[in-house]
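Notes follow once the structure below has been shown.
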Amino acid sequence: MKNVNLTFDFDKKIGVMKPMHGIGQPPQPANNALYHYLTEAGIPYSRLHDVGGWMGGGLYVDIPNIFRDFDADENDPESYDFAFTDQLIKFLVNASCEPYFRLGVTIENQHMLKAYRIFPPKDNAKWARICEKIIAHYIDGWANGFNYKITYWEIWNEPDDCFKNEMAAMWKGTPEQFYDLYCVTAKHLKDTFGDRIKVGGYGHCGFYEYEMDKELCGIGKEPEKIYEFTIEFTHGFLRRISRDNIPLDFFSWHVYDNCHHTTRESVRTIAKHAEYCRAILDRYGYTKTEQHLNEWNLWTKIRESDHPLAAAKSLAFMLMMQNTDMSVMCYYDGRVGYSAYRMFNPDNGTPYRCYYAFAAFNTLYRLKNQVLAESDDDSVFVGASVNGIDGAIAIANINDDSVVANINAMGFSTQNARILMTDLYTRRTLTGKTLSSGRLVLPPHSCIEIQLTDVSKI
458 MKNVNLTFDF
468 DKKIGVMKPM
478 HGIGQPPQPA
488 NNALYHYLTE
498 AGIPYSRLHD
508 VGGWMGGGLY
518 VDIPNIFRDF
528 DADENDPESY
538 DFAFTDQLIK
548 FLVNASCEPY
558 FRLGVTIENQ
568 HMLKAYRIFP
578 PKDNAKWARI
588 CEKIIAHYID
598 GWANGFNYKI
608 TYWEIWNEPD
618 DCFKNEMAAM
628 WKGTPEQFYD
638 LYCVTAKHLK
648 DTFGDRIKVG
658 GYGHCGFYEY
668 EMDKELCGIG
678 KEPEKIYEFT
688 IEFTHGFLRR
698 ISRDNIPLDF
708 FSWHVYDNCH
718 HTTRESVRTI
728 AKHAEYCRAI
738 LDRYGYTKTE
748 QHLNEWNLWT
758 KIRESDHPLA
768 AAKSLAFMLM
778 MQNTDMSVMC
788 YYDGRVGYSA
798 YRMFNPDNGT
808 PYRCYYAFAA
818 FNTLYRLKNQ
828 VLAESDDDSV
838 FVGASVNGID
848 GAIAIANIND
858 DSVVANINAM
868 GFSTQNARIL
878 MTDLYTRRTL
888 TGKTLSSGRL
898 VLPPHSCIEI
908 QLTDVSKI
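Numbers 458 to 915, taken from this note's numbering, label the letters of the sequence shown in order.
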């Protein structure tokens, strides 16, 4: 077995742990017995997109599900049907998981047969006022509502899929029509609620062709592929909103890792997407805008299974993105049943191994203070955090083989280390191993969580 050197310096705080372990699409309220898993893994956010489709019975979250007759009076509480969305959000709040509310519609994958709700609204100003009342219901108690903390309100999802009509499952309009909708809605919502909420969008399809835009000035030719078009769409969007001084508290985008390799390069590529996003936002003056990777998942062949690499690679992604400009991440998804990307077994509702990667990251997150953590192996990712007498280390080994880790933890006693592992054969289990020698065998495709308490500081 090869040796790797892992170094942790608990005396060097380098930042704060960020919510990289959010999810999209929580379990439907019918599966309310699963919500305790969100609490136990400390899932900080659940993005509410694609919860209103056929599995949702046309009942949840989407604007047409809540405001069913667009010609009705948007100021009349009787025009709104909050029942099912109220229940969903209540379950999330009770699970200590903050809703991340997408204002828009669910994807229509059968749109070529007939599209229903993915057209531009016929009155942007009224659509914005409807969004205002929905927000007021959940944060200001309007219409027998609530006073919940819901920070992020996202305008639409993947409108940049409109490259060709046959591809447009989210937006049957032009780029300019979406720019208009965003400008009207974002301005109205920020004028109404100010800094009490953060408004943004738009769930960008993905920066897969980012290398074609090295000068950040557009591709410079007629787009031939969807991901070339989406980059042009981004430039057009940012030109428009910067021209009109429209707020953009956060910019959200998506990625699906289509690389089966266990090497670090596939993870590094996603980090390069984040660097590109930061650069393009800065170019248009949105230097303080947060970026959110609020829909992401892994290579197709390990998405639907209980594959251990799904856990190890997911933890590797979160540890890598913690070191970028990213503010929030949401894994797609936390549903049970129909989903190609699920975190839970559809047969019995138990978590797949991937779930425990999120629990491991939460161990770092709850301690708040990120400290220096380094690995000399391209396929072993590390992170560490500290808070008072408590410290924690997370390790993701995406090698195909076991490796011997030589662990140097400075500024913290490891004599009482509690080691938990998610590997090929087990889920998150206490190993009984110690760090007395500073050496630890990392199984292939494993997530290791080391919890520390410095008894000398008690």
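Even for Gly, the Cβ is constructed at its ideal location relative to N, Cα and C.
Suppose contacts are defined by Cβ-Cβ distances below 7 Å. Is residue i in contact with residue j by that definition?
i      : j      : result
TYR492 : PHE548 : yes
ASP617 : PHE527 : no
ASP763 : TYR813 : no
LEU776 : PHE838 : yes
PHE467 : VAL828 : yes
LYS454 : ILE596 : Residue 454 is absent from the model: the chain starts at 458 and stops at 915.
CYS662 : GLU732 : no
PRO957 : LEU545 : Given that the chain is displayed from residue 458 to residue 915, the structure contains no residue 957 and the question cannot be resolved.
ARG725 : GLY499 : no
VAL656 : LYS647 : yes
ARG559 : PRO521 : no
Mark residue i as exposed unless 16 or more other C-beta atoms lie within 10 angstroms of its C-beta, in which case mark it buried.
i      : result
GLU672 : exposed
SER893 : exposed
HIS717 : Because HIS717 sits at a pLDDT of 45, beneath the cut-off of 50, its placement in the model cannot be relied upon, and the following sentence gives the value as read from the coordinates. HIS717 comes out exposed.
LEU570 : exposed
GLU531 : buried
THR687 : buried
SER553 : exposed
TYR741 : buried
LEU887 : exposed
LYS678 : exposed
PHE576 : exposed
Whose CA, out of the options, lies closest to the CA of residue i?
i      : options                           : result
PRO958 : TYR609, TYR537, THR563 and GLU679 : What the structure shows of the chain is the stretch from 458 to 915, and residue 958 is not part of that stretch, so it cannot be assessed.
ILE587 : MET569, GLY561, PRO900 and ALA572 : GLY561
THR807 : ARG792, LEU821 and THR820         : ARG792
ALA841 : PHE801, VAL785, ALA866 and ASN604 : ALA866
LYS729 : ALA643, VAL861 and GLU668         : GLU668
GLU666 : ASN462, GLY742 and ILE727         : ILE727
GLY472 : ARG884, VAL837, ASN826 and GLU831 : ASN826
LEU705 : SER536, ILE612, LEU495 and GLY675 : ILE612
LYS469 : GLU679, GLY868 and LEU877         : GLY868
PRO578 : MET627, TYR537 and LYS621         : MET627
CYS787 : TYR502, GLY742 and CYS904         : TYR502
HIS692 : ALA585, THR542 and TYR659         : TYR659
ASP911 : GLY895, GLN872 and TYR494         : GLN872
ARG696 : ARG735, VAL861, GLU497 and TYR636 : TYR636
PRO534 : THR563, ALA600 and GLN482         : ALA600
Considering residue i, what are the terminal residues of the beta strand (DSSP E) in which it resides?
i      : result
LEU549 : No beta strand (DSSP E) contains LEU549, which is instead part of the alpha helix (DSSP H) from 540 to 551.
GLU752 : 747 to 754
GLU831 : 826 to 832
LEU899 : 896 to 899
How far does the alpha helix (DSSP H) with residue i in it reach, from first residue to last?
i      : result
ASN521 : Checking the sequence shown, residue 521 turns out to be Pro, not Asn. Segment 520 to 523, the alpha helix (DSSP H) holding PRO521.
ILE688 : 683 to 700
MET777 : 765 to 779
HIS493 : 492 to 497
LEU821 : 810 to 822
Between residue i and the ligand GDP, is the CB less than 6 Å from at least one heavy atom?
i      : result
LYS678 : No copy of the ligand GDP occurs in the structure displayed, which carries no ligand at all.
_As an exercise, report each continuous alpha helix (DSSP H) stretch of at least 4 residues that is fully enclosed by the stretch 585 to 655, in chain order._
632 to 650
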